[in-house]
Amino acid sequence: MSRYRVRLTPEALADLECLQQFLIEQDLDAAERALEAIEAAIGLLEHSPFYCRKAWPGDHPLLRELVIPFGKAGYVALFEIDDPRHVSILAVRHQREDDYH
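Residue numbers for the sequence shown follow my numbering, beginning at 389 and rising by one.
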């Protein structure tokens, strides 16, 4: 099985920092658990990025979304399969946030 190298773009890193800051202000324990859930889900992309749903509107088959369950809603990571060995995370949002496309 092919293993992909996953990288986070500067924009995705900034998204994670914003999410973390918001959660820390609300509940430190929840912030830690949320980041662990996000990291674990992103780790799945190393083995199976094609299992994730295509990003809407679907005109770019290598642009995908990883749904990350957490609490009552969760998060969504927008990513692109760059080539047979690399995946780039482009954005990370809470599922209830505005669209990032």
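Even glycine gets a Cβ: it sits at the ideal position worked out from N, Cα and C. Everything numeric in this text was worked out from a predicted model, so none of it was measured.
Beta bridge counterpart(s) of residue i as assigned by DSSP
{"i": "LEU407", "result": "Partner(s): none; LEU407 has no beta bridge."}
{"i": "ALA419", "result": "Note: ALA419 sits in no beta bridge, so no partner."}
{"i": "ARG484", "result": "Answer is none; ARG484 lacks a bridge partner."}
{"i": "ARG393", "result": "HIS474"}
{"i": "ALA479", "result": "LEU466"}
Assigned secondary structure, residue i (DSSP; H/G/I helix, E/B strand, else coil)
{"i": "GLU399", "result": "helix"}
{"i": "ARG473", "result": "coil"}
{"i": "GLU531", "result": "Limits of the chain in this structure are 389 at one end and 489 at the other, which puts residue 531 out of reach."}
Cβ-Cβ separation, residue j to residue i (assumed contact under 8 Å), whole Å
{"i": "LEU440", "j": "GLU453", "result": "In the sequence as displayed, the identity of residue 440 is Cys instead of Leu. Sure, about 6 Å apart at Cβ, within 8 Å."}
{"i": "ALA400", "j": "LEU478", "result": "6 Å"}
{"i": "ILE469", "j": "PRO445", "result": "Actually they are not in contact, since the Cβ atoms of ILE469 and PRO445 sit about 17 Å apart, beyond 8 Å."}
CB contact flag (residue i, residue j, <9 Å)
{"i": "TYR463", "j": "HIS482", "result": "yes"}
{"i": "ALA422", "j": "LEU411", "result": "yes"}
{"i": "LEU396", "j": "SER476", "result": "yes"}
{"i": "ARG484", "j": "ARG391", "result": "no"}
{"i": "ALA419", "j": "GLY459", "result": "no"}
{"i": "LEU432", "j": "PHE467", "result": "no"}
{"i": "ALA461", "j": "LEU451", "result": "no"}
{"i": "VAL480", "j": "LEU404", "result": "yes"}
{"i": "ALA425", "j": "PRO457", "result": "yes"}
Could you tell me which whole alpha helix (DSSP H) segments of length 4 or greater appear in the segment 429-462?
Given a length threshold of 4 residues, the segment 429-462 has no whole run of the alpha helix (DSSP H) inside it.
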